[in-house]
Each structure stands twice: as C-alpha cells, then as structure tokens.
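The sequence shown maps to residues 222 to 554 in the working numbering. The next block holds one structure in the form of structure tokens; read it before the comments.
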Amino acid sequence: MSSDIKKPIVFSGIQPTGGFQLGNLLGALKNWELLQRENFCIYSIVDLHSITVRNDPEELKLKITEAAAMLLALGVSPEKSILFIQSQVSSHAELSWILSCYTQFGELSRMTQFKDKSSKNPENVNAGLFTYPVLMAADILLYNTDLVPVGDDQRQHIEITRVIANRFNNIYGDVFKIPEGVYPKVASRVMSLADPKAKMSKSDPNKNARIMMTDENDAIRKKVRRAVTDSDNQIRRGIGKEGIENLMEIYSACTNKSLDCIESEFAGKNYGEFKNQVADALISLIEPLREKYKELMKDKKYVFSVLKTGKEKAMEISEVMMKRVNEAIGLGL
Ligand code: AQP
C-alpha cells in the first residue's frame, strides 16, 4: 500500500496521558488537521510512549478512547487519514529495538526531554524514558514519512530520528526516507500560564497553568484572567514580558492576526481588556471542539471502528518496511 501513496506522507503521534492541553492543540494538532488537505496523513495514539509513567490499566484504556474521540473532534478525518493505536501495531516495538542498536548512549544522554523528565521524577528514571526518542524514530521511519507536525519541544527528537536514519542508510543503502519536522509559525511552544518561562504541560501539578480542551468556558476565562504577566501594562513584545508574549502568541494562533497587528490593535488598552479578548478567542476555538468531543464519547462504537480500520491499514504499511529492514540487516532466513 505505501508504494501506492502518491502524496507526501505525514506522520505524528500524541500520548494518551489524560486529555489535551492548549500547547498540544496549537503546537501540533492544528497542523494535523490542516496537513490532511494535501498529504496522506497517518496519526497515532502513542500509548507505548505513555507507559514510562505508571498508569492504572482501566484509566489508561479510557484515556486512549478519550484521545481518539478528541482527535476526531479536532478534525482528523477517517476518510482521508489513518488513525490508530501504537501498541496494536507490533512493528513499532520491533523496529524500536533494532534502531536502538544504531543509536549511541551519548546521543540519548543529551536529550533535554530525558533530562527534564528524569529530574522531575527521580524515583522512576526507567530505561523506557531514556530510549523514548528511539521509539519515536521507529514510529516515524516505519511509514516512509516526509513530514512530522510537532511542537518546538520535539525538534531534538526529530533531529535524532534523522541521525539514526542516515546512519542506518549509510550502512545498508536507502532504506529510510529522511523526514522533516513541521512547526507552526506562532505558538510553536505555548508557555505555562503560571510560569511563562516553562512549557505548558499536561503533567504540571498546577491546573491553572494550562488550558485543557475539555475546560468549560468559565474555567477558560478564569485561567486567562489569572495568567501571570508583568506590571508594565503594555501589550507588546520585549524582555521580561514573556507572559504577555505568550498570550499574544495564543491570541495570534486563534485569530490568525500577526503579532504586529495585535500590538497596534491593543495600543493604549490594559491587560484586563486584552485578557478578555484572549479568553473570547480561546472559547470560540475550544467550545465547538469540546462539544463535538462530548458527542463522540457517547458513540464509542464508532470511535472503536475507526481505530480498528486504522490498525489494519497501519499494519499493512508498516509490515512492508519491517520486511525491508530485516532483509537489509540479514535477520531471519
Ligand atoms: N506547550 C506546548 N507548546 C507547543 N506544543 C506542545 N506540545 C506539547 N506541549 C506543547 C506538542 O504536542 C504534541 C504531543 O505531545 P505529547 O502528548 O506526545 O507529549 P508532551 O510533549 O510530553 O506533552 P505534555 O503536555 O508536555 O505532556 P506531559 O506533561 O505528560 O509530558 C507534540 O508534538 C508536542 O510537541
């Protein structure tokens, strides 16, 4: 099937770690929807990545279903694209092991996500957390991927994917296509509302630091009002204005207005007025997605049927690549 695909191939994944936050939406998922127009897109709920932290089994199953429903609500189209659960396609784990033999310890030690996550959870620095980028490389390389829409925090992981693929190709010939990351022009790194120097993240213990796709309108407004800013009271970019800049980027991503245009629009206005407009823009974006998501969660049979079809298609494509890789190395007879 992969040889039949004439359009550029897009692959990306998201972890089912309990809902999506605004950073996931603006940094990656908005592009997932847009890229479907001109590309063949393959999207995965990467549950194997999410078990680097402990999960309750029943809760994990629910989170996977919720992630699928949210992706469909966000516009991932089962008619145009493939949507599947990573653990149901065994080639991902298989290729990950092989690629780990072509990845250096030193390279993985330099990954900032590993350093961040291991320092935040020193009691569970497992090998899966360390080899996470290798599994991500396998996810991407299995599908002859051209483009990978992700947020700015994933740049280092895209780069190591390219390094691993090139290293493998230098030994065995052109087995893998070398993929490129696709990052949004604005809001490629949405920052925490409580600490604008830190990335907005689902696992932040402070719930007011992030906006979730399932937040009700009142909660969105309250969180934006409480967002940390500065005392300068001018809506513009500049040193020490990370909080306002973050809100400007969010507003820009929601309204498609440029940052220059936002500075002119809000010249002479105060933070209260600006925050109200940001909240309105966010509500206009999130409310329809949230309501669609609620409807889809009432029709789980449909959601499961999409995932089943996706699994079959993903298996078909990835098994072709697995065969090529095994033959190149000389595995099996
Ligand atoms: N703050 C962010 N700004 C822009 N993009 C972001 N992404 C995540 N946070 C931001 C992008 O979302 C996609 C999916 O992310 P993920 O769920 O696979 O894992 P993550 O990056 O670890 O997300 P979180 O919210 O930070 O999860 P936790 O707290 O569980 O670690 C990726 O493309 C990512 O770039």
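Yeah, the Cβ is synthetic: ideal placement off N, Cα and C, and Gly gets one too. Since the structure is predicted, the reported quantities are computational estimates derived from the model, not experimental observations.
C-beta contact flag for residue i and residue j at 8 angstroms
i	j	result
Ile456	Phe495	yes
Ser312	Met543	yes
Tyr323	Ile538	no
Asn497	Asn454	no
Cys475	Ala502	yes
Ile385	Ala348	no
Gln242	Arg431	yes
Leu480	Arg447	no
Leu362	Thr333	no
Leu350	Phe326	no
Leu247	Pro405	yes
Met291	Tyr523	no
Glu508	Asn438	yes
Thr530	Pro299	yes
Beta-carbon separation (whole angstroms), residue i vs residue j, contact threshold 8 angstroms
i	j	result
Thr366	Leu329	Contact flag wrong, Cβ pair sits at about 21 angstroms.
Gly240	Met434	6 angstroms
Val369	Ser271	About 18 angstroms; that fails the 8 angstroms criterion.
Gly402	Ala249	Not quite, the Cβ-Cβ distance comes to about 10 angstroms (not below 8 angstroms), so this is no contact.
Val355	Ser413	Rounded, the Cβ-Cβ distance is 28 angstroms, inconsistent with contact.
Ile504	Ile441	6 angstroms
Pro417	Glu463	4 angstroms
Ile263	Ala535	7 angstroms
Val546	Ile319	6 angstroms
Gly244	Val407	The pair is not a contact, with the Cβ atoms about 13 angstroms apart (cut-off 8 angstroms).
Asn390	Phe397	6 angstroms
Asp360	Ser265	6 angstroms
Leu510	Leu295	6 angstroms
Chain-order list of residues whose beta-carbon lies under 7 angstroms from that of residue i (same chain, five-residue window excluded)
i	result
Gly461	Asp451
Leu528	Ala289, Leu304, Phe305, Ile306
Val499	Val445, Leu468, Ile471, Tyr472
Thr273	Asn347, Gly349, Leu350, Tyr353
Gly553	Asn547
Asn252	Pro370, Val403, Pro405
Ser409	Gly248, Gly372, Asp373
Arg331	none
Paired residues, beta bridge with residue i - DSSP
i	result
Ile230	Phe261
Gln334	For Gln334, which the question treats as bridged, DSSP gives no partner whatsoever.
Leu363	Its beta-bridge partners do not exist; DSSP assigns none.
Met412	Lys420
Val369	Gly402
Ile235	Ile266
Own chain partners of residue i with C-beta closer than 6 angstroms, once the 5 adjacent residues on each side are dropped
i	result
Gln309	Lys532
Lys219	With the chain represented from 222 up to 554, any question about residue 219 goes unanswered, as that position is not in the structure.
Leu293	Leu517
Arg388	Tyr323
Tyr393	Ala549
Asp395	none
Lys301	Gln257
Arg275	none
Neighbourhood of residue i by C-beta, 8 angstroms cutoff - its chain only, sequence neighbours within 5 removed
i	result
Val346	Ser339
Pro278	none
Asp268	Gln236, Pro237, Leu281, Ile285, Ile306, Gln307, Ser308
Val449	Leu414, Ala415, Asp416, Pro417, Gly464
Ser321	Thr352, Val355
Residue i: CB within 7 angstroms of a non-hydrogen atom of the ligand NAD
i	result
Ile306	Of the ligands this structure carries, namely the ligand AQP, none is the ligand NAD.
request  = Could you tell me which uninterrupted alpha helix (DSSP H) segments, each at least 4 residues in length, are contained entirely in the region 262 to 330, listed from first to last along the chain?
outcome  = As for any alpha helix (DSSP H) of minimum length 4 sitting wholly inside the region 262 to 330, the runs are 268 to 271, 278 to 294, 312 to 321, 326 to 330, ordered along the chain.
key: Ranges of the alpha helix (DSSP H) found wholly within the region 419 to 501, counting only runs of at least 4   = Listed in chain order, the complete alpha helix (DSSP H) runs (minimum 4 residues) inside the region 419 to 501 are 438 to 447, 463 to 476, 480 to 486.
request  = Would you list, in sequence order, the uninterrupted beta strand (DSSP E) runs of no fewer than 3 residues that lie entirely inside the region 374 to 399?
outcome  = Within the region 374 to 399, complete beta strand (DSSP E) segments of at least 3 residues are not found at all.
task = Let me know the beta strand (DSSP E) ranges lying completely inside the region 494 to 544, each 3 residues or longer, listed in chain order.
result = Secondary structure in the region 494 to 544: no beta strand (DSSP E) run of 3 residues or longer lies completely within the stretch.
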